[in-house]
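Trainee:
Number of protein chains: 2
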Amino acid sequence: MDVKTLCLGVLSRGDASGYEIKKACEEGPFSHFQDASFGSIYPALAKLSAEKLVDCHQMSQEKRPDKKVYSITPSGRTALFETLLLPPAPDKVNSDFYFMTFFAQLMPTDVLRSILEKRITWYEGVVERMKDCNLAIRPPGERFTHGLGLAHYRAEITYLKENMDQLLDQIASEQSADAEIPQAPKTAAL
Amino acid sequence: MDVKTLCLGVLSRGDASGYEIKKACEEGPFSHFQDASFGSIYPALAKLSAEKLVDCHQMSQEKRPDKKVYSITPSGRTALFETLLLPPAPDKVNSDFYFMTFFAQLMPTDVLRSILEKRITWYEGVVERMKDCNLAIRPPGERFTHGLGLAHYRAEITYLKENMDQLLDQIASEQSADAEIPQAPKTAAL
DNA sequence: AGGGACATGTAATTAGTTACATGATTGT
DNA sequence: ACAATCATGTAACTAATTACATGTCCCT
Chain A
0 MDVKTLCLGV LSRGDASGYE IKKACEEGPF SHFQDASFGS IYPALAKLSA
50 EKLVDCHQMS QEKRPDKKVY SITPSGRTAL FETLLLPPAP DKVNSDFYFM
100 TFFAQLMPTD VLRSILEKRI TWYEGVVERM KDCNLAIRPP GERFTHGLGL
150 AHYRAEITYL KENMDQLLDQ IASEQSADAE IPQAPKTAAL
Chain B
0 MDVKTLCLGV LSRGDASGYE IKKACEEGPF SHFQDASFGS IYPALAKLSA
50 EKLVDCHQMS QEKRPDKKVY SITPSGRTAL FETLLLPPAP DKVNSDFYFM
100 TFFAQLMPTD VLRSILEKRI TWYEGVVERM KDCNLAIRPP GERFTHGLGL
150 AHYRAEITYL KENMDQLLDQ IASEQSADAE IPQAPKTAAL
């Protein structure tokens, strides 16, 4: 989703500064399917402000730098509703991890094993942190999306655990056989 | 993965033209986790050619335009191996669909239902097409990645089917209750 | 004294997409 | 006649990232 709509989405849940919006995308509830950097968030908030889709009030804090807290306006909410009515763009998954596993047979088994284990550990941590958050207070869409993410991560962990040893074995045996038959096919099979 | 490495990956499986590389990303085995347009593929192939990582030979065809068929060179294979040894960049999932389900309670239930049903139908089609491809002839990494993709899609389909009616019901009842309590929280809960 | 969290913002750069330009052949 | 598939390539554009600039407080 474009950064402007992402900001409107975060602000629809309550007031926030640019810094806090970044955190919501990094660690918060949006971290699993959205991303944005300061270099895109601050200009997006400035534009939303100019379009009167958000209000901004400066906040002086003791022992902390001043911050600008943004609130969504009624027209901002309308803009968010309207975006939600548009057919969603197809998901764009760009995964180096999948690319690597696809070419697993070209990799040394120790590097491959390390990558697979890191992925499992990472996702197990994600699942643990997700289980800890209090969903009771959240609206149904958030709970649903949360459960969908969990289902996805759990399925990936299960598959990786059940199949990684077999993959590693197959590659180890193919790589020793490769010494005898070092031929690549001349035309790609789709 | 950057388009140059993606091209090397496709060419490592056999010779191909720019047009065929595009097809591999659109319909072929890379379609689930990679994307690239002509505007990035053709310049990438030109650069790879200049760096001698691929060879190019013109092919005249009857009743078809000429095509340029690219082959990966030994140094191209080395470059691909080396990229595969680098730690993979974290996955970048940018999903409008997840964003929408997150804000499901802001959407009319009929629009939401239609989006959920389209997603299920789309993924069921993907799974059907994936089941049909002959994996016996493919290397272990490709089989593994294929199974991982299938596991993910099946988990998502299962979750959507098991939870969408409940979500729709919850939203329908909340929306009628909203008429009585029209208050938004003032500060976001992460 | 050095790093990390807090806090905002701009400028340079990158990496891609979309649209355009061209043109034959095949199917409806 | 019109769209789709095959086929390559460039130019304009977009949307983002990264690096830079600035500064405080807190912890080790």
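Residue numbers (numbering that gives the first Met the number 0), protein chains in the order written: chain A, 0 to 189; chain B, 0 to 189. In this text, a Cβ means the ideal position worked out from N, Cα and C, and glycines have one as well.
At the level of alpha carbons, what is the spacing between A/Glu161 and B/Thr120?
Mentor: Cα to Cα, the separation comes out at about 28 Å.
Trainee: Report the neighbours of A/Thr100 on chain B: residues whose CB is nearer than 8 Å to its CB, in chain order.
Mentor: Chain B residues near A/Thr100: Gly140, Phe143, Thr144 and Leu147.
Trainee: How many whole angstroms separate the CB atoms of A/Ser70 and A/Leu10, which I take to be in contact at a CB cut-off of 8 Å?
Mentor: Confirmed, Cβ separation roughly 7 Å.
Trainee: Compute the beta-carbon to beta-carbon distance between A/Gly8 and B/Phe32, rounded to the nearest angstrom, for a pair I have assumed lies under 8 Å.
Mentor: In fact, because the Cβ distance is near 25 Å, the residues do not count as touching under 8 Å.
Trainee: I need the DSSP call for B/Leu189, collapsed to helix, strand or coil.
Mentor: With a pLDDT of only 49 at B/Leu189, under the threshold of 50, the placement of this residue in the model should not be trusted; the figure read from the coordinates follows. Residue state, collapsed to three classes: coil.
Trainee: CA-CA distance, A/Arg76 and A/Leu52?
Mentor: Approximately 8 Å between the Cα atoms of the pair.
Trainee: Taking 7 Å as the CB-CB cut-off, is A/Lys91 touching chain B?
Mentor: It does: the Cβ of A/Lys91 has a partner Cβ on chain B nearer than 7 Å.
Trainee: Within 10 angstroms of the Cβ of A/Ser113, are there 16 or more other Cβ atoms? Answer buried if so, exposed if not.
Mentor: So A/Ser113 ends up on the exposed side.
Trainee: Among A/Cys132, A/Gln60, A/Phe101 and A/Leu84, which has the Cα closest to the Cα of B/Val110?
Mentor: Closest by alpha carbon: A/Leu84.
Trainee: Just the chain A side, please: which residues come within less than 9 Å of B/His151 by C-beta, in chain order?
Mentor: Ordered by position in chain A, the residues that pass the 9 Å Cβ test against B/His151 are His151, Ala154, Glu155 and Tyr158.
Trainee: Count the other C-beta atoms from every protein chain shown that fall within 10 angstroms of the C-beta of A/Pro28, then say buried if there are 16 or more, exposed otherwise.
Mentor: A/Pro28 should be labelled buried.
Trainee: Let's see if you can read the secondary structure: which residues bound the alpha helix (DSSP H) around A/Met129?
Mentor: First-last of the alpha helix (DSSP H) with A/Met129: Thr108 to Lys130.
Trainee: Report buried or exposed for A/Pro139, applying the criterion of at least 16 other Cβ atoms within 10 angstroms of its Cβ.
Mentor: Looking at its Cβ environment, which holds 16 or more other Cβ atoms inside 10 Å, A/Pro139 is buried.
Trainee: Determine the contact status of A/Lys91 and B/Asn93, defining contact as a CB-CB distance below 7 Å.
Mentor: Taking 7 Å as the Cβ cut-off, A/Lys91 and B/Asn93 qualify as a contacting pair.
Trainee: Tell me, please, whether the segment 14-21 of chain B touches the segment 168-175 of chain A by the rule of three or more beta-carbon pairs shorter than 8 Å.
Mentor: Contact fails: fewer than three Cβ-Cβ distances are below 8 Å.
Trainee: Which word fits A/Arg128, buried or exposed, when buried means at least 16 other C-beta atoms lie within 10 angstroms of its C-beta?
Mentor: That one is exposed.
Trainee: Considering only residues of the same chain and omitting the five flanking positions on each side of B/Lys46, which have a CB-CB separation below 7 Å?
Mentor: Lys3.
Trainee: Do you know offhand how far B/Leu79's Cα is from A/Phe101's?
Mentor: B/Leu79 and A/Phe101: Cα-Cα distance of roughly 13 Å.
Trainee: Would you mind telling me which residues of chain A sit closer than 7 Å to B/Gln104, beta carbon to beta carbon, in chain order?
Mentor: Those within 7 Å of B/Gln104 in chain A are Pro138, Pro139 and Gly140.
Trainee: Where does A/Asn93 sit, in a helix, a strand or coil, going by DSSP?
Mentor: A/Asn93: strand per DSSP, three-state reduction.
Trainee: So is B/Phe37 in contact with chain A if we call contact Cβ pairs under 7 Å?
Mentor: It does not: the Cβ of B/Phe37 has no partner Cβ on chain A nearer than 7 Å.
Trainee: Are the C-beta atoms of B/Leu83 and some chain A residue less than 7 Å apart?
Mentor: Yes, B/Leu83 counts as interfacial toward chain A.
Trainee: Is A/Val110 close to chain B, meaning its C-beta is less than 7 Å from at least one C-beta of that chain?
Mentor: Yes, A/Val110 counts as interfacial toward chain B.
Trainee: Check the C-beta distance from A/Gly146 over to B/Tyr122 and give it rounded, since I have them as a contact under 8 Å.
Mentor: Not confirmed; about 17 Å, so no contact.
Trainee: Could you give the uninterrupted runs of the alpha helix (DSSP H) lying entirely in the segment 9-90 of chain B, keeping only those of 4 residues or more?
Mentor: You should have 17-25, 37-49 and 73-84.
Trainee: So which residues on chain A does B/Ser94 lean against when the C-beta distance must stay under 7 Å?
Mentor: Those within 7 Å of B/Ser94 in chain A are Phe32 and Asp90.
Trainee: On the criterion of 16 or more Cβ atoms from any shown chain inside 10 Å, does A/Asp14 qualify as buried, or is it exposed?
Mentor: So A/Asp14 ends up on the buried side.
Trainee: Excluding the 5 residues flanking B/Leu189 on each side, which residues of the same chain have their C-beta closer than 8 Å to its C-beta?
Mentor: For B/Leu189, the pLDDT reaches just 49, beneath the cut-off of 50, and the residue's location in the model is therefore unreliable, leaving the point undetermined.
Trainee: Give the straight-line distance between the Cα atoms of A/Lys67 and A/Pro42, rounded to the nearest whole angstrom.
Mentor: Roughly 13 Å between the two C-alpha positions.
Trainee: Going by C-alpha to C-alpha distance, which of A/Arg153, A/Tyr152, A/Ser39 and A/Gln104 sits closest to A/Ala176?
Mentor: Of the candidates A/Arg153, A/Tyr152, A/Ser39 and A/Gln104, the one whose C-alpha sits nearest the C-alpha of A/Ala176 is A/Gln104.
Trainee: Pull up the distance between the alpha-carbon of A/Thr190 and that of B/Glu26, whole angstroms please.
Mentor: Residue 190 of chain A is absent from the model: chain A starts at 0 and stops at 189.
Trainee: Comparing the C-beta of A/Pro73 with each C-beta of chain B, is any distance below 7 Å?
Mentor: Not one chain B Cβ lies under 7 Å of A/Pro73.
Trainee: Considering only C-alpha positions, which residue in the set B/Ser59, B/Ala88 and B/Asp54 is nearest to B/Ser74?
Mentor: Of the candidates B/Ser59, B/Ala88 and B/Asp54, the one whose C-alpha sits nearest the C-alpha of B/Ser74 is B/Asp54.
Trainee: Looking at B/Ala154 and A/Ala150, is the spacing between their C-beta atoms short of 7 Å?
Mentor: Yes, the pair counts as a contact, with Cβ atoms nearer than the cut-off.
Trainee: Assign A/Gly148 to buried or exposed, taking buried as 16 or more other Cβ atoms, counted over all protein chains shown, within 10 Å of its Cβ.
Mentor: A/Gly148 comes out buried.
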